[in-house]
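Have a look at the structure below before the remarks.
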Amino acid sequence: MTNSIRDIAEESQCIFVIGSNTTEQHPVIGTKIRRAKRRRGVKLIVADPRRIDIADYADLHLRHRPGTDIPLLNGLMHVIVREGWHDEAFIAERTEGFEELKAVVEKYPPEVVSEITGVPAEDIEKAARMLAENRPGALLYAMGITQHIIGVANVMSCANLQMLLGNMGVPGGGVNPLRGQNNVQGACDLGGLPNVYPGYQRVTDPAIQEKFERAWGMPLSNQVGLTVTEMLKAAEEGAVRCLYVIGENPMVSDPDLNHVRYSLQQTEFIVVQDLFFTETCQFADVILPAASFAEKEGTFTNTERRIQRVRAAVKPPGEAKSDSWIIAQLAKRMIALGAASPDPDAPHAGWDYESAAEVMAEVNALTPIYAGVTYRRLEAGETPQWPVPGEDHPGTPILHVGKFSRGLGRFVAMDHVPPDELPDDEYPLVLTTGRVLYHWHGGEMTHRARSLEAMYPEALVEIHPKDAEKANIGDGELMKVASRRGEIIAKAQVTDRVEPGLIFTTFHFAESAANFLTNPALDPQAKIPEYKVCAVRVEAVPEGNGADGEAEMEPTG
Amino acid sequence: MDVTLTINGQKVTVPDGSTILEAARYAGISIPTLCHHPDLTNVGACRMCVVSVERARGLQTACTTPVFEGMVVDTESEDARETRKFVLEMLLTDHPNDCMVCEVNGDCELQDLVYDYGVAWPEHRGVRHSYEADPDPNPFIFIDRNKCILCSRCIRACDEIQNRDVWNFAYRGFKTKLVAGADQFLLDARCESCGQCVAYCPVGALYDKMSLGAGRVSQLTKVRTTCSYCGVGCNFDLNVRDGVIVRVTSAHDAPVNGMSLCVKGRYGYDYVHHPDRLTRPLVRAKWLGAEQVEEQVANGNWQIATVAEKYVQPPASGPQPSISDGTFIQTDWDTALDVVARKFTEVKKAHGGDAFAVFASAKCTNEENYLFNKFTRQVLGTNNIDHCARL
Ligand code: SF4
Ligand code: SF4
Ligand code: SF4
Ligand code: FES
């Protein structure tokens, strides 16, 4: 997030939520948005194909078709520019590329946009006016924006809108991605990415490479590594021989699971390190039992870049060990076997850590944006937001104040690109996927939380009454959903939360995971699969054909 | 604009518009309250906070009365103290004498005040309520209306903090009753199971169902930590008894969320102790060698693991299942780590670092992710590291 939860909740005049089921996925932020709406009277605009909970609180709900975010945003910008509501001073001082943007959004008058998105033209006019009249405004988005083949372009379009309105670098404004997993921000920040060292320092930058070579005492690769989806492909082709999977479950969370299964089967050696025997464990050669968040010391970084402590409250069960202990053990053993010979004189070559604080001290030394995130401060109760360039730096609640990190903010005008797979005669419906309030991700944890599981024990597929009737599917009855890649059986939830032509399900349930159906087509830059749109068909399942009425997986292909 | 007043003979200067209660707390003078909570609007319902104000007629409720220049307040006047005592007595006449077995014993605002004011348990006269305890089938929130003091804090928490408007009072007079929706079950009244109402209840009328009988405040240790589910980063306290997490409580000073949590953060903690947890390293027999496996299994150091769909079954007694290459063996750490280290070293020497790929984890800590990154780049010698950020 460029801004903080607090300044958005307390200072924005308009909150624009696009592609985020906030009250179910980031519930406490959802609560704060509702509060801002009801207590402060901020304007709330929600753009989402489904009538998600937060839409009930919105001044305006734009129900655009999945995969039409760019035309929707262009339409809003069209009206803003047409009416002269854009922030000329901000654009002149702080941005470049406005003329190109103008030329592109010119082509998206509300009537045209309405055709593409299904949103009434007058609502587009209304939303644009609301955005213009209520500044500063904050834009919040989540996977609904990123999980498309044009995810990166979608994000840029969001930034275009906010720059156009001058909503950047001010309290109550900003472009604010809501990060999914608890520490996805931290995993990105600390080098869990193939192209960057901790702190987004590029592996291809010779100066950076040298810095880490000197710190760790080993020559390092300057080749950008593989992304998750590419790893599986490389494993299938034999280029990657060993997979080391730590706390992830690609056999539920990755697209096109039938294919993932095949890739895992092809891999020579797989090590899985996790709390539970996950679906991925079936393909493992070695499984290492890890400690949960309640059993270890460390920090998480939240969606607003805030670093906070995690503390051990209980002991790990049996012989389970913390991930840091395990990885240090492996490193030491491999170094002893001659797999690598780091220069013992290098300042951070070794693997003898006594505590998480010691690891953080190494991070402080090598990662400018975390330089001042010391345990001394964390233990004193501080929760700084990065960048924190030094111990005496207070942290950075709002990014891009007065200046963008790249200098001038650049408008990158985007045209509409339809989703990779659109409905046709054979697969006439669109499937979109997401999460529900009571479950989390692959469900590894929430299925084992007894009250959460009691609330939502099986996969449901939301389907509009019209489509249900057409296929002769009753509420609560089993239905089959098939795409070009696989099929699942799950219970139908007949509801107008979805519009005709659209169905929705989750990926929380391994047995009927949406990811047997999803399209692995990727955004070329971010390599994010298009989870939010694929073409499917549905049919009723005659009584007695699902195993005991339970949702059941039928892998195909 | 500031206003100066006198409380118990002490001069206090506070911003205009402050209440007597705020001014007193600012000056370090405590006034007892029940229906007041600093996060919520004031309703002046319970009359616990009454104080004497010079020249004012009758006692004033400190939580709702604004200060004025030159105001003279006595928080400990006999009148005020007697009134508070009377309020407490009235509450007790319709309250079960249950503290011995009450979940919130030692963590109850009513109990503390009754203690402070030395109120004896009144003889019960007339009708008392006898509601069914735990009448609501939802799995999260326990309700005992017999203990409800009608302070409306839960109503305001749901309305003002959660913005969900589930709770309200129905009926009148003695029949006044806290109800969800139109006297429905919580989940039918759009409840999101966030537990905010429980967190704000000053007594034991609302409680976390999963924690019933699991321990009271004096038996629990609280450990402040950060939620393991979504990226909002809520902080809360894990309440631990005998090495087991038995409850999550929210904390007023949590930087992001204050007292707010969602259903996963507040009630989704028990996976930590689930019997499915992996407790020993597992290695497929083919990486161990048949002879060694046979020997170690025979002398009981290792066990043959039977893998059910999603968990590892405890080793069966009686005749052991037969071992094939693919059988998982529960080994000791040394063995498992050596198998991995040897295989990784062999592959690295033969095929180089790019023959590895590491899935780092968005569930692990920053420090652990740093170490995964260092391990991948320094020891394995590749940049093939990624995690599910994209998914
Ligand atoms: S649990 Fe949350 S939503 Fe439900 S009644 Fe209590 S405060 Fe309201
Ligand atoms: S349930 Fe608790 S918070 Fe709600 S009115 Fe009764 S005593 Fe007050
Ligand atoms: S309590 Fe809920 S909103 Fe807060 S971090 Fe946990 S999952 Fe997210
Ligand atoms: S606390 Fe003031 S009336 Fe209840």
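Quick mapping for you: the protein sequence lines, in order, are chains A and B. Residue numbers 383 to 939, in my numbering, belong to the letters of the first sequence in order. Residue numbers 220 to 610, in my numbering, belong to the letters of the second sequence in order. We put the beta carbon where it would ideally sit given N, CA and C, even for glycine. Just so we're clear, the structure is a prediction, and the values are computed from it rather than from any experiment.
| Check | Outcome |
| --- | --- |
| Only counting the same chain, and skipping five residues up and downstream in sequence, which positions put a Cβ closer than 7 Å to that of B/C370? | L253, C254, A264, C265, P421 |
| Mapping the DSSP letters down to three states, classify A/E592 as helix, strand or coil. | helix |
| Sorry if obvious, but does the Cβ on B/R303 come closer than 7 Å to a heavy atom of ligand 1? | no |
| Can you list, in chain order, the residues of its chain with a C-beta nearer than 6 Å to that of B/D331? Leave out the 5 residues immediately preceding and following it. | none |
| Starting from the beta carbon of B/P474, find every residue of chain A whose beta carbon is closer than 8 Å, and list them in chain order. | R688, Q690, T765 |
| Keeping to the same chain, check which residues put their C-beta closer than 6 Å to that of B/V442; ignore five residues upstream and five downstream. | L457 |
| Just checking B/L307 against ligand 4 - is the residue's beta carbon closer than 7 Å to any of the ligand's heavy atoms? | no |
| Could you tell me whether any Cβ in chain B is nearer than 8 Å to the Cβ of A/N565? | yes |
| Is there a C-beta anywhere in chain B that falls below 8 Å from the one on A/N640? | no |
| Does chain B have any CB closer than 8 Å to the CB of A/G939? | Annotation note: pLDDT 30 at A/G939 (below 50); position unreliable, coordinate value reported separately. Chain B, which has no Cβ nearer than 8 Å to the Cβ of A/G939, makes this no. |
| Do A/H408 and ligand 5 come close, with the Cβ less than 7 Å from some heavy atom? | Judged by which ligands are present, ligand 5 is missing from the structure shown, whose ligands are ligand 1, ligand 2, ligand 3 and ligand 4. |
| Return yes when at least one heavy atom of ligand 3 lies under 7 Å from the C-beta of B/G289, else no. | no |
| I need the straight-line Cα distance from A/D774 to A/A747, nearest angstrom please. | 15 Å |
| With 16 other CB atoms within 10 Å as the buried threshold, where does B/Y334 fall? | exposed |
| Could you pull out every unbroken beta strand (DSSP E) segment of at least 3 residues lying fully inside the region 737-818 of chain A, listed in chain order? | 811-816 |
| Apart from the five residues on each side of it in sequence, which residues of its chain come closer than 6 Å, Cβ to Cβ, to B/A281? | I239, L240, I250, C268, V270 |
| Counting only beta-carbon atoms, is A/R867 nearer than 8 Å to chain B? | no |
| Among residues of its own chain, excluding the 5 on either side of A/S865, which ones have a beta-carbon nearer than 6 Å to its beta-carbon? | L899, C916, V918 |
| Between the region 829-846 of chain A and chain B, which residues of the former have a C-beta closer than 7 Å to a C-beta of the latter? | R830, A831, R832, S833, L834, A836, M837 |
| In or out: A/P779 buried (at least 16 other Cβ within 10 Å) or exposed? | buried |
| Between A/I411, A/Y838, A/F786, A/Q647, which lies nearest to B/V475 when the distance is taken from Cα to Cα? | A/I411 |
| Take A/N516 and list the residues in its own chain whose beta-carbon comes closer than 6 Å to its own, dropping the five residues that flank it on each side. | Q395, C396, K425 |
| Is the Cβ of A/F398 closer than 8 Å to any Cβ of chain B? | no |
| Do A/Q655 and A/G620 count as a contact pair if the criterion is CB distance below 8 Å? | no |
| Quick one: residues in its chain with C-beta nearer than 7 Å to the C-beta of A/A702, no 5 flanking neighbours on either side, listed in chain order? | P671, A672, A673 |
| Does any heavy atom of ligand 2 sit closer than 7 Å to the C-beta of B/Y390? | no |
| Which residues in chain A sit within 9 Å of B/S479, going by Cβ to Cβ distance? | P409, V410, T413, K414 |
| Given 7 Å as the limit, tell me if B/L253 has its C-beta closer than that to any heavy atom belonging to ligand 4. | yes |
| Return the CA-CA distance between A/D587 and A/N631, expressed in angstroms with no decimal places. | 32 Å |
| Could you work out which residue in A/M525, A/E912, A/Q544, A/P911 is closest to A/E470 when comparing CA atoms only? | A/Q544 |
| Per DSSP, what kind of secondary structure is B/N387 in: helix, strand or coil? | strand |
| Would you list, in chain order, the members of the region 491-505 of chain A that have their beta-carbon closer than 7 Å to a beta-carbon of chain E? | Looking at the structure shown, chain E is missing, and the protein chains on hand are A and B. |
| Less than 7 Å between the CB of B/L480 and some heavy atom of ligand 3, yes or no? | yes |
| Can you tell me whether DSSP reads A/H829 as helix, strand or coil? | helix |
| Does the separation of the CB atoms of B/V459 and A/V696 fall below 8 Å? | yes |
| Is any heavy atom of ligand 1 found at a distance shorter than 7 Å from the C-beta of B/G477? | no |
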